Amino acid sequence: MPALVERPKMSLAMWAALKNHIMRQREKKKQEQEADAATERVRREQEQKRRQDAMTLEEIKDQVQQSEQRLHNLKEEKHQLFMQLKKVLHEDDTRRRALMKEANEMAALNHQHGF
């Protein structure tokens, strides 16, 4: 059977030094974990901000596209209304000329019969 080896008893100073060493290691480990957690939190926040910015960019692109489509539709409507105006003005001008021609013919007939 192996012989039992007994370590010499540690002095109070040695116990205090060992305790301080262990406490410093624990504190250092705790600070490293807190730093890692803070780094991870910052990374997640940045990723979330990037996602929000990307969504905002997509929303802006959609709004621009909708505005361009609306502009195109309004230009088309303007063109149609302008063509309609030209048609109405032409019809009005034609009708006025026909009335003037008819009035002149009536005046000419009245003038011929009046002599």
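Heads up, the sequence shown is in the numbering used here, so the first residue is 1111 and it goes up one at a time.
All residues carry an ideal CB built from backbone N, CA and C; glycine is no exception.
These numbers come from a predicted model, not from an experiment.
Worksheet item: When DSSP labels each residue in this structure, what does PRO1178 get in the three-state scheme?
Response: Position check: residue 1178 holds Glu in this sequence, whereas Pro was assumed. If DSSP states are grouped into helix, strand and coil, GLU1178 belongs with the helices.
Worksheet entry | Whole-angstrom distance between GLN1141 and LEU1227, CA atom to CA atom | Residue 1227 is absent from the structure shown; the chain starts at 1111 and stops at 1225.
Discussion item. Rounded to the nearest angstrom, what separates GLN1162 and GLU1155 at their Cα positions?
Written reply: 10 Å
Discussion item. For HIS1182 and GLN1173, I'd like the C-alpha separation in whole angstroms.
Written reply: 14 Å
Item to complete: For VAL1152, name the three-state secondary structure that DSSP assigns.
Response: helix
Fill in: Through-space distance from LYS1197 to ASN1220, alpha-carbon basis
34 Å
Worksheet entry | 8 Å Cβ shell around MET1119 - same chain, five flanking residues per side excluded | The sequence given here places Lys at residue 1119; Met does not occur at that position. For LYS1119, where only same-chain residues beyond five positions count, there are no Cβ hits under 8 Å.
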